[in-house]
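Engineer: I have a structure I would like to understand better, so I am pasting it below and will then ask my questions one at a time.
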Amino acid sequence: MNELSFKKRIGLFLGAWAIQMIYGPTSQWLTGGIAPKIALDALIPVWPIWVVPYASCYPLWLTAFLYAAWKMDSRLYRALMAACFLTFSVGILTFVLFPTYVDLPTLTGADAFSALLRKIQIVGGTYDALPSGHIYITTLLTLFYSLWHPRLRWVWIVILVIISLSTLFTGQHYILDVVAGLTVGWAGFRFGLWWVKRGDQ
């Protein structure tokens, strides 16, 4: 396969991210649907301090994708982008065709963590619950970075676990949202690897 220029790499990333950005309006404008909660969700407490890792994923994603665009070999980067295009598309289509929402918790605290979480509740809306975008994006990065830098696999696994817990302990997602996010992210990862292997033949 031909080497990808940095300009093309950024173009692919922006194209994939344009799909994911549909999350914004759909999370605010969708109606109907269901809250995909199960009995176990009632046992999960809301701890506003978990908004720190929840919000930290945004700079983490940006840094990880930009570093991949700069340094990742072209074959693996193509696989990552193919995975992103599929995963983000599946996520958005699921949000639109099968609307799901979260009954956001009422926050009464006056601390900085509660204040930040309230702002995220307003900006993030209540829809686009399943699959969790936080989870499928972090899953993709975890799996591809684990292939790229195997010695740091444990770091990414810890990050994925912490972000998964943060979606639950902030009340932003339910357990099924996390499970679906992991599943969609894994499927996207496998698709990306298949896509570049297909191109090699």
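Just so you know, the numbering used here puts 60 at position 80 of the sequence shown, and the rest follows in order with no gaps.
Beta carbons: idealized from backbone N, C-alpha and C, even for Gly.
Computed from a predicted model, the values in this text were never measured in an experiment.
1) The alpha helix (DSSP H) spanning Trp9 covers which residue range?
2) Just how far apart, CA to CA, sit Trp134 and Thr122?
3) Helix, strand or coil for Tyr154 per DSSP?
4) Looking at the structure shown, is Ile(-1) part of a helix, part of a strand, or coil, going by DSSP?
5) Does the beta-carbon of Leu46 have 16 or more other beta-carbons within 10 angstroms, so that it is buried, or is it exposed?
6) By DSSP's criteria, Ile14 is part of a beta bridge. Which residues make up the other side?
7) In the DSSP assignment, the alpha helix (DSSP H) including Gly104 goes from what residue to what residue?
8) Could you tell me the alpha carbon to alpha carbon distance between Pro199 and Tyr154, rounded to whole angstroms?
9) Can you give me the Cβ contacts of Phe(-14) inside the same chain, cut-off strictly under 7 angstroms, excluding the 5 residues immediately before and after it?
10) Should Gly151 and Val26 be called a contact, given that it needs their Cβ atoms to be closer than 8 angstroms?
11) Which residues bound the alpha helix (DSSP H) around Trp50?
12) Using the DSSP secondary-structure output, state which residues sit across from Tyr107 in a beta bridge.
Structural biologist: Working from what's here:
1) Here the question's residue 9 lines up with position 29 in the sequence shown. First-last of the alpha helix (DSSP H) with Trp9: Tyr3 to Trp9.
2) Start at 1 with the first residue of the sequence shown, and residue 134 comes out as number 154. Start at 1 with the first residue of the sequence shown, and residue 122 comes out as number 142. Cα to Cα, Trp134 sits roughly 9 angstroms from Thr122.
3) For the purposes of this step, residue 154 is taken as the residue at position 174 of the sequence shown. If DSSP states are grouped into helix, strand and coil, Tyr154 belongs with coil.
4) Translated into the one-based positions of the sequence shown, residue -1 becomes position 19. Ile(-1) carries a helical assignment under DSSP once its states are collapsed to helix, strand and coil.
5) Indexing the sequence shown from 1 puts residue 46 at position 66. Classification for Leu46: exposed.
6) As a working mapping, residue 14 is identified with position 34 in the sequence shown. For Ile14, which the question treats as bridged, DSSP gives the partners Thr80.
7) Position 124 of the sequence shown, counted from the start, is the residue given in the question as residue 104. Gly104: member of the alpha helix (DSSP H) spanning Ala92 to Gly104, first to last residue.
8) Given that the chain is displayed from residue -19 to residue 181, the structure contains no residue 199 and the question cannot be resolved.
9) On the sequence shown, position 6 is the one that residue -14 refers to. Close CB contacts of Phe(-14) within its chain, under the 7 angstroms cut and outside five residues either way in sequence, are with Ala49 and Trp50 (chain order).
10) As a first step, residue 151 is located in the sequence shown; it is residue number 171 there, counting from the start. As a first step, residue 26 is located in the sequence shown; it is residue number 46 there, counting from the start. Yes, the Cβ-Cβ distance between Gly151 and Val26 is below 8 angstroms.
11) Against the sequence shown, residue 50 aligns to sequence position 70. Start and end: Val31 to Lys51.
12) What you label residue 107 is simply residue 127 of the sequence shown in a count that begins at 1. DSSP, once it has assigned bridges, lists Tyr81 as partnering Tyr107.
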